[in-house]
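Here's the structure we're looking at; comments come further down.
Residue numbers (the numbering used here): 402 to 475.
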């Protein structure tokens, strides 16, 4: 479970596309894919507020004293 699933999905999609482009370059040559670092975009203020409400709702999120967390089914 991710607090920002859309950002995580977008990031993974970009990483997978980069891996495919690199593999295609290795096999067929052509223009070398970009080596520019892929950064996750920052969440919007509304998404941050939603995440804050989520982690502070004891029916959905629990934090133990020893630092481990888990989410409850929603």
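For glycine and all other residues, C-beta sits at the position ideal for the given N, C-alpha and C. All values reported here derive from a predicted model rather than from experimental measurement.
Would you give the residue range spanned by the alpha helix (DSSP H) that residue i belongs to?
i	result
residue 428	406–429
residue 451	446–456
State the Cα-Cα distance for the pair residue i and residue j, rounded to the nearest angstrom.
i	j	result
residue 442	residue 408	7 Å
residue 456	residue 444	16 Å
residue 410	residue 450	20 Å
residue 415	residue 431	20 Å
residue 418	residue 429	16 Å
residue 412	residue 439	8 Å
Does the distance from the CB of residue i to the CB of residue j come in under 7 Å?
i	j	result
residue 434	residue 420	no
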